[in-house]
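Asks: The structure follows.
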Amino acid sequence: MQSNVALKPEVAGRLHVGIIMDGNGRWATRRGLSRLRGHEAGVEAIRRIVETAPDQGVGTLTLYAFSSDNWRRPKAEVTALMGLLRFYLANEIAALVRNGVRLTVIGRRDRLPDGIAAAITRAEAETADGTTLHLRIAIDYSARDAILNAAARVAGAGQLSREAFADLITGEAGLRDVDLIIRTSGEKRLSDFLLWEGAYAELHFTERMWPEFDADDLADALSSFHRRERRFGGLTAIAPAEVPNL
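Using numbering that gives the first Met the number 0, the letters of the sequence shown correspond one by one to residues 0 to 245.
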């Protein structure tokens, strides 16, 4: 289930950044800590980036928190991750409201442990008026599944525009395409993240582990993005038909 509320104009014109938050476990292991401590540190990193993103020109921030493939992880780790999600929904919403952050969650909700889907719905309702930042968290998410489900919904419907199909994929009318996708920890793959919305996104890979990622790292990624945008004459995030073969 996804939100059907159109993106607020206050954030629609600013950058859409997606982040694959990778490296929590390795960060912890290198320090002789439990993987759970790594995930806890990852939540602290989320707080830092959510606070700094609006000041750096980001209007929409999509964070890859739990992929559909992550259910294959050890049961104890999955349980711990779900516990952290419960904690976040119970303890961070007041701060999001105070800072004008609107929260939506993308991905499946039917497989989440009891009570979490209801907590997500409450959090989305409580933060619905936020205009400073649109925070989208991907949980039990697969971009391939999102595209497949959208295709199933329009099967036999005849000709359909890209814009209308995108609304079905994202669940949000008029959502800005992703301008920049960042992946931490040195891995260089998309891992089924925002495949439609990120079709023309700039990709930025950093060796920094997610628990280490901070405002300066986000600034570096955005600086690289803006340099490339200026170099190629502002081609980022424009309609695919307008993009020449470079």
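We put the CB at the ideal spot given by N, CA and C, even for glycine.
Owing to the predicted nature of the structure, the values given are computational and were not obtained by experimental measurement.
Could you check what DSSP says for Arg101 in three-state terms: helix, strand or coil?
Replies: DSSP places Arg101 in strand when its eight states are reduced to three.
Asks: In chain order, what residues of the same chain have a beta carbon less than 6 Å from the beta carbon of Arg47, not counting five sequence neighbours either side?
Replies: Hits under 6 Å: Asp213.
Asks: Among Trp70, Leu35 and Gly82, which one has its Cα closest to the Cα of Val24?
Replies: The displayed chain sequence assigns Gly, not Val, to residue 24. Of Trp70, Leu35 and Gly82, the residue nearest in Cα terms is Leu35.
Asks: Note the first and the last residue of the continuous beta strand (DSSP E) segment covering Ser66.
Replies: Its beta strand (DSSP E) spans residues Val57 to Ser66.
Asks: My assumption, with CB atoms under 8 Å, is that His203 sits in contact with Ser222. Please give the rounded CB distance.
Replies: That belief does not hold up - the Cβ atoms of His203 and Ser222 are roughly 10 Å apart, past 8 Å.
Asks: When burial is assigned at 16 or more other CB atoms within 10 Å of the CB, is Phe192 buried or exposed?
Replies: Phe192 comes out buried.
Asks: Starting from Tyr140, follow its DSSP beta bridges and name the residues at the other end.
Replies: Its beta-bridge partners are Ser66.
Asks: In the DSSP assignment, what are the bridge partners of Ile45?
Replies: Paired residue(s): none; Ile45 is not in a bridge.
Asks: What three-state label does DSSP hand Arg71 in the structure shown?
Replies: DSSP places Arg71 in helix when its eight states are reduced to three.
Asks: Just tell me which of Ala154, Arg110, Glu201 and Val57 has its CA closest to the CA of Arg229.
Replies: Comparing Cα-Cα distances from Arg229 to each of Ala154, Arg110, Glu201 and Val57, the minimum goes to Glu201.
Asks: Going by Cα to Cα distance, which pick from Arg72, Val49 and Met208 is closest to Leu132?
Replies: Nearest option by C-alpha distance: Val49.
Asks: Using 8 Å for Cβ pairs, my map puts Ile19 next to Arg152. What's the rounded Cβ distance?
Replies: Not a contact, Cβ separation roughly 27 Å.
Asks: Are the beta-carbon atoms of Leu167 and Ala154 separated by less than 9 Å?
Replies: No, they are not a contact pair.
Asks: Is the Cβ-Cβ distance between Thr205 and Arg135 less than 9 Å?
Replies: No, the Cβ-Cβ distance between Thr205 and Arg135 is not below 9 Å.
Asks: Short check: CB of Leu179 to CB of Gly17, under 9 Å?
Replies: In contact: Leu179 and Gly17 (Cβ atoms closer than 9 Å).
Asks: Going by DSSP in three states, Gly17 sits in which element: helix, strand or coil?
Replies: Three-state result, Gly17: strand.
Asks: For Glu196, which of helix, strand or coil comes out of DSSP?
Replies: Coil.
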